[in-house]
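So, in structure tokens, the structure goes:
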């Protein structure tokens, strides 16, 4: 038995047989043609391009029905590329100037574009490279002849194992009746992850070596809740997970009964549960799951799923849609967190060497003021239609917050001049994601209307661990004592100021960690919609006094491992039925770390 760890991108647990998706990429030789055949080759390319656009229009239509219109926009990027002169022109030039065959010219140009994105090294650009590889396979397929896709050979209830999956392959998983998948590569923001989540297929990505360690037909467990893949589980582990899977299925049904109930501890303390969303349609899922609002709307996905810069109307339409679906519940819109591993390095002549410590988030917004003002206008306009809050990411000093708030006031003045309505008392808050912000909370508490602790980045910057680097994944630890002390400090000062914060990092979805946060004083959690019912059930079964006792003891330890072991042990004693089957047999298997959790 062997245990691999990766990044959980779509929840659920499945047991099945491995299906290795190792279909090799089309290889095209650099074939030249006579000069008098050049125009024929250009027409061949154009026919393949048009045929590919027809394919993609069909795929986009199918994807809309399977994963929703927002996630399906991935394929609009593909269609846009095939209309882009920056792609078409160089292919024509290679054919004319080098007398290349259409497939050779197309392959070279698409490979060069893909290599540019890969050279940038960040997950958002790797995603774009995946898109271009997907596009290349489609166009070349029309030029040199389609092959039978191996995915079509997958049996029912197969678990797909691959180095990576293209967006087209990910959408095809639903049609192939695949029950789960695991990949070597990938991250939370990859298009494959987005599609898997929308299809509700349990998935773990970023496992690094899974294709080298798994063979066709082997029994696998994919634990999309915890980011684990177990190869050839022993009978005890298989029984444990089979039981857990059955319990989870019945548990999911029973959790539906909690939707209309309040999240209140056994001793009567209310806990506010909000949702994190990327697409406006997810607001409906949040309401269905029992969220009382949205605590984090990650608006950068407007950029990541489109090749065009979103207009003010694009922003406004998305926000208005979310407001309508929330039906009076609050919507917290985070201004774009671009830069670093999200979208923008491709737009600079010299990519930053360490973008996570560079021009990202609010810093990037200050340097791209037209874009920032466009988003602020859309947010303020949307605030006239429902309760909206605006939140700034990665604030590190009071002067940054004041500057950001100044731009909000300037946009308000512009809207006043134009007679456009907006909420004049719109709450303006900030993320607490860096140690400097946590340590200066006494200053921020005087000026910000609200706070949200972003544990993903707070862990990264406190522990000096790049959360996108698989080599140091084992050092990324939300339970590290230094992180817990910073969280406690923020909570104490914010509470004294009458502005209790929320936590919106991925760790908030872990019931064990949530108990610890509540014990530290947290009363508002923002998490993925799918995690809300299970957490609500846990909340209703514990007391705040239990949580405080756990937190006080946890703060006496000097390592995250000790904290985690203690909290887990206490959680199982308090709620044995709530954590059954979650252990994953840590001690009895060979364990290989893939990557740390990240946004």
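Residue numbers (this note's numbering): 710 to 1308. All residues carry an ideal CB built from backbone N, CA and C; glycine is no exception. The structure displayed is predicted, hence computed values, not measured ones.
May I ask which residues mark the beginning and end of the alpha helix (DSSP H) holding residue 1068? Annotation for residue 1068: no alpha helix (DSSP H) segment contains it, and DSSP assigns it neither H nor E.
Does the Cβ of residue 1199 have 16 or more other Cβ atoms within 10 Å, making it buried, or fewer, making it exposed? When all chains shown are included, residue 1199 counts as buried.
To the nearest angstrom, how far is the alpha carbon of residue 1139 from that of residue 1217? Cα-Cα distance, rounded: 18 Å.
Beta-carbon separation of residue 904 and residue 870 under 7 Å? In this structure, residue 904 keeps its C-beta atom at 7 Å or more from the C-beta atom of residue 870.
From 1237, 1276, 945, 1259, residue whose alpha carbon lies closest to that of residue 906: With distances taken between Cα atoms, residue 906 lies closest to 1237.
Judging by CA-CA distance, which residue of 851, 770, 1160, 995 is the nearest neighbour of residue 1241? Considering only 851, 770, 1160, 995, the residue with the shortest C-alpha distance to residue 1241 is 995.
According to the neighbour-count rule (16 or more other Cβ atoms, all chains shown, within 10 Å of its Cβ), is residue 1282 buried or exposed? Residue environment for residue 1282: exposed (fewer than 16 other C-beta atoms within 10 angstroms of its C-beta).
Just to check my reading of the structure: residue 1156 and residue 1102 have Cβ atoms closer than 8 Å, yes? What is that Cβ distance to the nearest angstrom? With a Cβ gap of about 17 Å, residue 1156 and residue 1102 do not count as contacting.
Nearest-angstrom Cα separation, counted from residue 1193 out to residue 1187: Here the C-alpha atom of residue 1187 lies approximately 8 Å from the C-alpha atom of residue 1193.
Given this structure, state the Cα-to-Cα distance separating residue 721 from residue 973, to the nearest angstrom. The alpha-carbon atoms of residue 721 and residue 973 are separated by roughly 26 Å.
Should residue 782 go down as buried or exposed, given a rule of 16 or more other Cβ atoms within 10 Å for buried? Answer is buried; the Cβ neighbour count reaches 16.
Per DSSP, residue 1139 forms a beta bridge with which residues? Residue 1139 pairs with 1101, 1160.
How big is the Cα-Cα spacing for residue 1108 and residue 1154? Answer to the nearest angstrom: the Cα atoms are 13 Å apart.
Is residue 756 buried or exposed, if buried means 16 or more other CB atoms sit within 10 Å of its CB? With fewer than 16 other Cβ atoms within 10 Å, it is exposed.
Specify whether the stretch 982 to 1000 and the stretch 1261 to 1276 touch according to this definition: at least 3 beta carbon pairs, one from each stretch, less than 8 Å apart. Not touching, per the Cβ criterion.
Taking 7 Å as the cut-off, decide whether the C-beta atoms of residue 1078 and residue 1131 are in contact. Residue 1078 is not a Cβ neighbour of residue 1131, given a cutoff of 7 Å.
For residue 986, which beta-bridge partners are listed by DSSP? The bridge partners DSSP lists for residue 986 are 1006.
Taking the beta strand (DSSP E) that residue 1129 falls in, what are its first and last residues? Boundaries for residue 1129: no beta strand (DSSP E) harbours it, and the DSSP string shows neither H nor E there.
Do residue 719 and residue 933 have their beta-carbon atoms positioned less than 7 Å apart in this structure? Taking 7 Å as the Cβ cut-off, residue 933 and residue 719 qualify as a contacting pair.
In the DSSP assignment, find the beta strand (DSSP E) that holds residue 716 and state where it starts and stops. Start and end: 716 to 719.
Mind the definition here: the stretch 1025 to 1045 touches the stretch 912 to 928 only if three or more C-beta pairs lie below 8 Å; say whether that holds. With the cut-off at 8 Å, the stretch 1025 to 1045 and the stretch 912 to 928 do not touch.
Whole-angstrom distance between residue 868 and residue 820, CA atom to CA atom: Residue 820 and residue 868: Cα-Cα distance of roughly 30 Å.
Would DSSP call residue 1213 helix, strand or coil? In this structure, residue 1213 counts as coil in the three-state DSSP scheme.
I need the boundaries of the alpha helix (DSSP H) containing residue 1231, first residue and last residue. That residue, residue 1231, is in no alpha helix (DSSP H); it is neither H nor E in DSSP.
Can you give me the Cβ contacts of residue 790 inside the same chain, cut-off strictly under 8 Å, excluding the 5 residues immediately before and after it? Apart from the 5 residues on each side of it in sequence, residue 790 sits with its Cβ closer than 8 Å to the Cβ of 796, 840, 841, 844, 1016 in its chain, given in chain order.
Neighbour-count burial assignment, residue 1256, 16 or more Cβ in a 10 Å radius: Counting the other CB atoms within 10 Å of its CB gives residue 1256 a total of 16 or more, which places it among the buried residues.
Span separating the alpha-carbon of residue 1209 from that of residue 1243: Annotation: residue 1209 to residue 1243 spans about 23 Å, alpha carbon to alpha carbon.
What's the C-alpha gap between residue 1265 and residue 825? The alpha-carbon separation between residue 1265 and residue 825 amounts to approximately 48 Å.
From which residue to which residue does the beta strand (DSSP E) around residue 725 run? Start and end: 722 to 729.
Classify residue 934 as helix, strand or coil using the three-state DSSP reduction. Here residue 934 sits in coil by DSSP.
What first and last residue would you give for the alpha helix (DSSP H) that runs through residue 1149? Element bounds for residue 1149: n/a, residue is neither H nor E.
Distance between residue 1205 and residue 937 (C-alpha atoms, nearest Å): In this structure, the alpha-carbon of residue 937 lies about 41 Å from that of residue 1205.
Of the choices 1224, 1019, 1044, whose alpha-carbon is the least far from that of residue 980? Out of 1224, 1019, 1044, the CA that lies nearest to the CA of residue 980 is found in 1224.
How is the alpha helix (DSSP H) around residue 804 delimited, first residue to last? Unbroken alpha helix (DSSP H) run through residue 804: 794 to 807.
For my contact list, residue 915 and residue 1042 are in at a C-beta cut-off of 8 Å; report their separation, rounded to the angstrom. About 29 Å separates the two Cβ atoms, so there is no contact after all.
Residue 792, buried or exposed, once every other Cβ within 10 Å from all chains shown has been counted against 16: Flag for residue 792 reads exposed.
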